[in-house]
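Residues 1 to 441 (UniProt numbering) are what the sequence shown spells out, left to right.
We treat Cβ as the ideally placed atom computed from N, Cα and C, and that holds for glycine.
Taking it in order: structure first as structure tokens, then the write-up.
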Amino acid sequence: MPSQKQVFCFDDIHTAEFWLRKVSHPDKIIMSNKIIMSKEQIDCFNQEIQKRQSQIVRDLAVHHNDMPGDSIQSAIKQTFPQKHLYHQGQQLEKSFYDDLLQEMNVKGVKKTSKAQFAYSIRGTSIRSFPSKMFVTDNPSDNEFDLFQETALDPAEPVIILHESKSGEWSFVQTSFFRGWVPAADLAVAGVRHIWLDYLQTARFLVVTGSKLRLGYNPYSPEISELEFMMGAKISLTAQDEVPDVIDNQSPDGCYVVKLPVQGGNGELTFKQALVPRVSDVSVGYLPYTRAAVIRQAFKMQGERYGWGGLFKSRDCSAFVRDIYRCFGFHFPRNSGEQMLLPGKNFSLTGANRQERRRLLDQLPSGSLLFFPGHVMLYLGKHKDDYYVIHAIAYYGEKEKRDIDGSYIPVSLNAVAVSPLSLRRRRSGEELMMALTSSVQI
1 MPSQKQVFCF
11 DDIHTAEFWL
21 RKVSHPDKII
31 MSNKIIMSKE
41 QIDCFNQEIQ
51 KRQSQIVRDL
61 AVHHNDMPGD
71 SIQSAIKQTF
81 PQKHLYHQGQ
91 QLEKSFYDDL
101 LQEMNVKGVK
111 KTSKAQFAYS
121 IRGTSIRSFP
131 SKMFVTDNPS
141 DNEFDLFQET
151 ALDPAEPVII
161 LHESKSGEWS
171 FVQTSFFRGW
181 VPAADLAVAG
191 VRHIWLDYLQ
201 TARFLVVTGS
211 KLRLGYNPYS
221 PEISELEFMM
231 GAKISLTAQD
241 EVPDVIDNQS
251 PDGCYVVKLP
261 VQGGNGELTF
271 KQALVPRVSD
281 VSVGYLPYTR
291 AAVIRQAFKM
301 QGERYGWGGL
311 FKSRDCSAFV
321 RDIYRCFGFH
331 FPRNSGEQML
341 LPGKNFSLTG
351 ANRQERRRLL
361 DQLPSGSLLF
371 FPGHVMLYLG
381 KHKDDYYVIH
391 AIAYYGEKEK
401 RDIDGSYIPV
411 SLNAVAVSPL
421 SLRRRRSGEE
431 LMMALTSSVQ
441 I
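Right, here's the structure in full:
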């Protein structure tokens, strides 16, 4: 049997196994596969997140049917960015903002608003404002839509708080965000208990691959080729409800799932769909181990970066959130909110290089590293440098400077393995020295 040193004779930092083998003692390999938290402990952890960030992370199952209109108005009211904005290279005129304010229909909020309970029927976006226009602060930017907040998988529960003036947009509360969703992408429940029963299903699949796409279905085009991101939860059909044939296909060799769709009048109903058993899915959540976290992260390596879920991709915080929701964690959406997660928290503000290295030497892989606006998943040390895997748009090229002296950004736009000696896109500061905190979950 080869020795530990012989097994670790390659130098491929771009594999999960590299980092799982890179330990100084065989006992640590065993520890990396040890379950860190039970389902009950993760449930308690999620409750603590909700307690700390109650305005962001919500338990939708306990949401009231009625809401005060003034609280909805305050949630809807947002100021537009105080700078020139562009669409397709053209500066937006004042009339665009006037029309948008009209569409938001803040004055139409009733004193007491009756909530509606719905599910997304396809992958969709949550927007800052009720508009699909790609809005940027740079006329040549094709990557960062300032109105894009995040993305929703199919079959995600939402609570509709308000409708736009045209009725084309719904202002919704999800378990982790508020914003505007196209009304056509939602199926509204006629009665709350139907919505709640689906939400609280005990048997479900979790997407454990980077993405899951359903097969082409000529009989039910509304569910044909639906795509789910890692960590998505899909209700399983009860065994005694599985027919011999579903859309002219035998369910043998498949999981049979239940998906929300719009009925004839747009109301919530459900349809069965097939997920081949060879798919990268799990019945229920994965056991939470360090090894599993690293393996999940590397399933997304090389995929395109997508701000707020643009391009059917992920940004830095969605990358982290998708990994951890495979284990049943309900993280907030943005990196600044994830920085406040419970766990072992370490501040690096003001720390010198030696102090930072000392912390990283002790930090287990799978921990989260932060600096303002960015989150990374820590991997470990290799050849005197420290490595992370993260969804990153740009880094700074130290050999090239702009006329103002700032570093010229170089595109990565991918989920990538990076050393912490990499430099930030404009300031040129090393990622190592930019770190402000770490959270060990």
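A Cβ-Cβ separation of about 7 angstroms places Leu420 in contact with Glu430 under the 8 angstroms criterion.
Ranked by how close their Cα comes to the Cα of Gly396, the residues Arg424, Leu412 and Tyr387 have Arg424 in first place. Unbroken alpha helix (DSSP H) runs of no fewer than 4 residues, entirely contained in the UniProt domain "NlpC/P60" (287–432), are found at 290–298, 316–325, 335–338 and 353–362, following chain order.
Within the same chain, Cβ atoms closer than 6 angstroms to the Cβ of His14 are found at Val417, the five residues on either side in sequence being excluded. For a cut-off of 8 angstroms, the C-beta gap from Ser210 to Tyr216 is around 20 angstroms, too long to register as a contact. Boundaries cannot be given for Glu241, as no beta strand (DSSP E) includes it and DSSP labels it neither H nor E. Between Gln272 and the set Ser367, Tyr86, Arg290 and Val257, the nearest pair of CA atoms involves Val257. Using a 10 angstroms sphere on the CB of His64, the tally of other CB atoms stays under 16, which defines it as exposed. In the assembly as shown, Glu241 is an exposed residue. Its beta-carbon has fewer than 16 other beta-carbons within 10 Å.
Between Ala118 and Ile234, the gap from beta carbon to beta carbon reaches 8 angstroms or more. In the displayed model, Asp98 falls within a helix according to three-state DSSP.
By the Cβ rule, the stretch 99–114 does not count as touching the stretch 42–51, because fewer than three pairs are nearer than 8 angstroms. Membership of Lys258 in the beta strand (DSSP E) is indicated by the continuous run Cys254 to Gln262. Taking a cut-off of 8 angstroms for Cβ pairs, the stretch 372–390 and the stretch 288–303 touch, as three or more such pairs fall below it. With distances taken between CA atoms, Thr289 lies nearest to Ile323 out of Met300, Phe319, Ile323 and Leu259. Under the 10 Å beta carbon count, Thr124 is surrounded by 16 or more other beta carbons and is classified as buried.
In terms of CA proximity to Ala238, Phe204 leads the group Phe370, Phe204 and Asn105. Around the beta carbon of Tyr97, fewer than 16 other beta carbons sit within 10 angstroms, so the residue counts as exposed. Thr436 sits close to Phe370, with the two beta carbons spaced by under 8 angstroms. Looking only at His87, Pro182 and Glu93, the smallest Cα-Cα distance to Asp137 is reached by His87.
Restricting attention to Gln148, Pro251 and Val207, the CA atom closest to the CA of Asp280 is found in Val207. Here Glu163 carries a strand assignment [DSSP, helix/strand/coil]. Annotation for Gly167: Ala183 place their beta carbon closer than 8 angstroms to its own, counting only its chain and skipping 5 residues before and after. Here DSSP, grouped into helix, strand and coil, assigns Tyr119 to strand. Where Glu40 is concerned, the enclosing alpha helix (DSSP H) starts and stops at Lys39 to Arg52. Following the DSSP letters along the chain, one finds Gly231 in no beta strand (DSSP E), marked with neither H nor E. Contact annotation: Tyr285 and Lys94 have beta-carbon atoms that are not nearer than 8 angstroms.
The beta-bridge partner set that DSSP reports for Thr124 consists of Leu152.
Around the C-beta of Val191, fewer than 16 other C-beta atoms lie within 10 Å, and the residue is accordingly described as exposed.
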